[in-house]
Structures are given as structure tokens and as C-alpha cells.
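Remarks on the structure that follows.
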Amino acid sequence: MGASVVPQPSTGATSDNYALISSVTPTAGATTVSFTSISGYRKLMLRVLKPGMGTAGTITLTFNTDTGTNYAYSSIGVTPSTGAAAAQYRSGDATGIALAGLTNAQEQNLIINDTNTTGVKTLSGFLYDGAFSAKAYPSLQGMYFASAAITTVTLTISTTFAASGTVALYGVAS
Amino acid sequence: MILTKMIINTQTGEIENIPLTEEEIAIHESQQVTDEAAAE
Chain A
4 MGASVVPQPS TGATSDNYAL ISSVTPTAGA TTVSFTSISG YRKLMLRVLK
54 PGMGTAGTIT LTFNTDTGTN YAYSSIGVTP STGAAAAQYR SGDATGIALA
104 GLTNAQEQNL IINDTNTTGV KTLSGFLYDG AFSAKAYPSL QGMYFASAAI
154 TTVTLTISTT FAASGTVALY GVAS
Chain B
210 MILTKMIINT QTGEIENIPL TEEEIAIHES QQVTDEAAAE
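If you read the protein sequences in the order shown, they are chains A and B. The opening residue of the first sequence carries number 4 in my numbering; numbering runs sequentially from there. The opening residue of the second sequence carries number 210 in my numbering; numbering runs sequentially from there.
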């Protein structure tokens, strides 16, 4: 019997060292916040922290100003106090990724993978408000079916942003 | 209130607030109506 061969860790792996690309407070009256000219990152992380909204609205995420039906997502929230499923949202052939349930008291965190490739991009994230209450906090999974690398990340609100909160974009260098 | 698009150029750090065109305002307002109908 020959000697066993123990698989060795890949030496090609690189760490995910997220660096801040840009961080802004939305301008009052803005209907979109877009990060443009993104280049040189294989992963992105988007944080939307307590976004001020003129009135309650829904924020939708799109890439490369693409509003075609090239997105799919699913998010399910669980009520912490009971464990019961709540706040379910899902859509195939969507025109964007809805950050469903996000209010001006909460934060949405998302990691977007393979942003510099020509294949499908996947994303995952969660919604959180710092309080373990009876609210449901959806865990979000999504896909973006487009071949171009991501160069623009846009948040569109159905109402208007107020001048508060933070939208921050981080990246892992290619 | 003037409705705008906020654009952050990640290469230069430049931030622009561009007023919406009339067409963009119409699209935005129609989206609001859609949201309100969905909420009812």
C-alpha cells in the first residue's frame, strides 16, 4: 500500500481584506445614490446604515444602471422571540434587489461576490437594527445575471432620501 | 424640494447631485404610486 497523500491547502488563496472605497450621507431629496467608476475589486460590501427617508419607502439595489429583469432574490425574516418565519420577500426576473423591510432605524449589510468576472454575481446579506426585539430581520440572498463586471452600484428609493444615515461601499482588491 | 441623483465617483471622490429630468420625475412619481398601491 502506498503512502497516503494529505491534500495541502491551496497557496493561491488570498484574504478578503475589505477596504473602504467611499462613504457618504445621502443628500436630502436624492432619489438615487450611485457609486460609479468601480474598478479593481473582486468583491464588494455595501452597508446602508439608518438611511434617512423623507417618508417610508423601499430601497432597491441595481448594478451598472441595469434595470432589466436580470435579478433574482429571496429574503426571509425570523421573529427572534418566537422563531416563527415572517417578512418573506422573493422575486425572480426582478428589475433589482429589494432591500425589503429596511427602515431608517436599521442597517442592511450585503456582500457581492465575483464582481470583476463575466459570470453570474451572487450576493448575500442581512438586515439588523441593533435590538433583539420581536421584529423580523430578513436574511437576503440574490443573484445578478449579467456578463459585465460591476462598475456601478446604485440604490434607488421609492420616496426620497433625507440627509442622514450612511451608505458605504467597501471592496476586496482583485 | 429638488429631486436629484447623487453620484459618487469612486476613482476621484467627486460627488455630484444632478437634478432629475421631467421624465425621471414622472418615473419616480409613478413608482411611488405603485408602492402605495402595494402597501394597501
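Don't be surprised by glycine CBs; every beta carbon is placed ideally from N, CA and C.
Checklist entry - Whose CA, out of 140/A, 157/A and 84/A, lies closest to the CA of residue 106/A? => result The residue among 140/A, 157/A and 84/A with its C-alpha nearest the C-alpha of residue 106/A is 140/A.
Next on the checklist: List, from N- to C-terminal side, the beta strand (DSSP E) runs of 3 residues or more that fit wholly inside the segment 47-108 of chain A.
Outcome noted: Listed in chain order, the beta strand (DSSP E) elements of length 3 or more contained wholly in the segment 47-108 of chain A are 62-66, 74-81 and 88-97.
Next on the checklist: Tell me whether the segment 224-236 of chain B and the segment 90-98 of chain A touch, counting them as touching only if at least three CB pairs, one residue from each stretch, are closer than 8 angstroms.
Outcome noted: Flag = no, the segment 224-236 of chain B and the segment 90-98 of chain A do not touch.
Item to check | Rounded C-alpha distance that separates residue 157/A from residue 227/B | outcome: Going from the Cα of residue 157/A to the Cα of residue 227/B covers about 14 angstroms.
Checklist entry - Around the C-beta of residue 165/A, are 16 or more other C-beta atoms found within 10 angstroms, so that it is buried, or is it exposed? => result Label assigned to residue 165/A: buried.
Checklist entry - Quick one: does residue 213/B have its CB under 8 angstroms from some CB of chain A? => result Closer than 8 angstroms to some Cβ of chain A, the Cβ of residue 213/B qualifies, so yes.
Checklist entry - Apart from the five residues just before and just after residue 175/A, which ones in its own chain have a Cβ nearer than 7 angstroms to its Cβ? => result Contacts found: 19, 20, 21, 44, 45 and 46.
Item to check | Coarse secondary structure for residue 224/B, derived from DSSP in three states | outcome: Residue 224/B: strand per DSSP, three-state reduction.
Item to check | Segment limits, beta strand (DSSP E) that includes residue 38/A | outcome: 33-39 is the extent of the beta strand (DSSP E) around residue 38/A.
Checklist entry - Between which two residues does the beta strand (DSSP E) containing residue 159/A stretch? => result Looking at the DSSP string, the run of the beta strand (DSSP E) that includes residue 159/A is 156-160.
Item to check | Counterpart residues of residue 144/A in DSSP-defined beta bridges | outcome: Looking at the DSSP output, residue 144/A shares a beta bridge with 77/A and 127/A.
Checklist entry - Secondary structure at residue 25/A, three-state DSSP: helix, strand or coil? => result Note: residue 25/A maps to strand in three-state DSSP.
Checklist entry - By Cβ distance, which residues of its chain are closer than 8 angstroms to residue 70/A, with the 5 residues on each side in sequence left out? => result Excluding residues within five positions, the ones whose Cβ falls inside 8 angstroms are 98 and 99.
Next on the checklist: Need the endpoints of the beta strand (DSSP E) that residue 213/B sits in, please.
Outcome noted: Residue 213/B -> beta strand (DSSP E) spans 213-218.
Checklist entry - Just to confirm, are residue 48/A and residue 130/A a CB contact at a threshold of 8 angstroms? => result Between residue 48/A and residue 130/A, the gap from beta carbon to beta carbon reaches 8 angstroms or more.
Next on the checklist: Could you pull the DSSP bridge partners for residue 174/A from this structure?
Outcome noted: Residue pairing of residue 174/A in beta bridges, as defined by DSSP: 22/A and 47/A.
Next on the checklist: When you compare the segment 211-223 of chain B with the segment 28-45 of chain A, are there three or more beta-carbon pairs, one atom per stretch, that lie closer than 8 angstroms?
Outcome noted: The answer is yes - the segment 28-45 of chain A touches the segment 211-223 of chain B, with three or more Cβ pairs under 8 angstroms.
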